[in-house]
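The structure appears below as structure tokens.
In this note's numbering, the protein residues as written are 127 to 317.
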């Protein structure tokens, strides 16, 4: 039996750092399972002042945070946006982007000038769909830096930058973003 030598085809990994500038405020709505569970149990019972107090207490938990406690956002959100916008760019498709691009890190630190409590009223699930207060963190004049690794055999740096820029306009990040018929969380690549 002869042994066949296998040659590994070298990956052409390259790394770029990109600065992102928020165009519209970033609205965070990190999933809080306590709130979800509590409202599912209520199933339409009348809201009380206690519910409003609980919503205020949950405010800090709705923020994504880095390991050192700074406000941040999941890196995967930026990659997901790039994947979703791929079919709109010539020569790109979701599979190619998903397989060729990585946004490094877990939670990307977000720099911002002002934080607000965004207070809205929503509806619970259930038959009566009773109103409930929703308080979410909102950040204005935000920015961040992304470190991106890509396989230059499949995709160019220019394509990566364009994917990211288009994703900021068409998809966005956070709550009530363009992908979800909103206008929050839009961003662009700093030139």
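For each residue, glycine too, the CB sits at the ideal point set by N, CA and C. Bear in mind that the values here come from a model prediction, so they are computed numbers and not experimental data.
Nearest to residue 260 by alpha-carbon distance, out of 188, 152, 145 and 150, is 188. Shown here for residue 141: same chain residues with a beta carbon closer than 6 Å to its own, the five before and five after excluded, namely 275 in chain order. DSSP assignment within the region 196 to 245 yields the following whole alpha helix (DSSP H) runs of 4 residues or more, N-terminal first: 201 to 211 and 220 to 226. Residue 311 is a Cβ neighbour of residue 301, given a cutoff of 9 Å. Taking C-beta separations shorter than 8 Å and ignoring five residues to either side along the sequence, the partners of residue 249 in its chain run 255, 256, 257 and 258, following chain order. A distance of 9 Å or more separates the beta carbons of residue 241 and residue 286. Residues of the same chain with a CB within less than 7 Å of the CB of residue 239, apart from the 5 flanking positions on each side, are 266 and 267 in chain order. Short of 8 Å from the beta carbon of residue 243, and not among the five residues preceding or following it, lie these beta carbons of its own chain, in chain order: 185, 261, 262, 263 and 264. Between residue 296 and residue 214, the CB-CB gap stays under 9 Å.
The C-alpha of residue 314 lies about 32 Å from the C-alpha of residue 182.
With respect to residue 290, residue 204 sits close: the two C-beta atoms are nearer than 9 Å. Linking residue 152 to residue 226 through their CA atoms gives a straight-line distance of about 27 Å. Counting along the chain, the unbroken alpha helix (DSSP H) around residue 290 starts and ends at 283 to 296. Under the three-state reduction of DSSP, residue 188 is assigned to helix.
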